[in-house]
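This report concerns only the one structure given below.
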């Protein structure tokens, strides 16, 4: 079908190759960062605003519930863990729309930095709950929340380990080309971790601390979590998960190393 730039809106002309930027929902290029666009806009581009609404609601819900009650050492656990989940959501949203080497280089650095912050928050939160259980001789793994927390933690730790080694020591995977091929699975597991973390937050409403102190409603956490999923998943670019086929000219740009300048 023939078409000229004169009959196509300017914003459409400026978009990258359709096959290279087609999201799960929407038109090609809808959630693709423009070459001269602001990186900060990645956080709300497309359905990103919906994800942000859910992330903020979940954070405010938990923090307001905790801070409006007497604070104890255990109070830091939900505060730190919910903040870590919020930061991880930002790390996903910031990287999703990138597609050029320069954008990916910056996105990779932001993604890694936010993941590091989230990791430290999670470690602090887990340390507090473990200290609290040891001090009070409380039982471990007596709730769905506890089991989901452990599963999420293990998967997230593996995610961190694979992500770091793919960048730092690609030789472990047989070279940079083979290491780059693993990114598809790294992305899949990343979205799995996000769902697991949201499920862990929702399951916390069935713990004794919530029943006796916070009284956070399950429906409220589920609603916020659904908003996050609805906002994040439609922005996934198909080719980044190997769900779209395209010509060599439209293939994903090689993922840059941190040392590239």
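Residue numbers (our numbering): 318 to 578.
All C-beta atoms, glycine included, are put in the ideal place defined by N, C-alpha and C.
The C-alpha of residue 375 is placed about 6 Å away from the C-alpha of residue 538. A direct Cα-to-Cα measurement between residue 483 and residue 387 gives close to 45 Å. In terms of Cα proximity to residue 462, the closest of 407, 481, 422 and 523 is 523.
Inter-segment contact for the region 501–512 and the region 354–367 is absent: fewer than three beta-carbon pairs are separated by less than 8 Å.
Where residue 389 is concerned, there is no enclosing alpha helix (DSSP H), because DSSP gives it neither an H nor an E.
The shortest CA-to-CA distance from residue 502 to any of 516, 491 and 557 is the one to 557.
Sequence-distant Cβ neighbours of residue 458 in its own chain, meaning closer than 8 Å and more than five residues away, are 464 and 467. For residue 395, the uninterrupted alpha helix (DSSP H) segment begins and ends at 393–412.
Residue burial annotation: residue 411 is buried, with at least 16 other C-beta atoms found within 10 angstroms of its C-beta. Residue 369 sits in a helix when the DSSP states are folded into three classes.
Inclusion of residue 535 and residue 368 in the CB contact set at 8 Å is not warranted, their separation being larger than that value. Shown here for residue 405: same chain residues with a beta carbon closer than 6 Å to its own, the five before and five after excluded, namely 435 in chain order. Sequence-distant Cβ neighbours of residue 424 in its own chain, meaning closer than 7 Å and more than five residues away, are 411, 412 and 415. Inter-residue distance for residue 529 and residue 383 is about 12 Å (C-alpha atoms, whole angstroms). Residue range 535–549 is occupied by the alpha helix (DSSP H) that includes residue 548.
Within the model, the alpha-carbon separation for residue 447 versus residue 460 is close to 15 Å.
The three-state reading of DSSP puts residue 481 in helix, counting H, G and I together. Shown here, residue 470 sits in a helix according to DSSP, grouped into three states. According to the DSSP assignment, residue 507 belongs to the alpha helix (DSSP H) that extends over 500–520.
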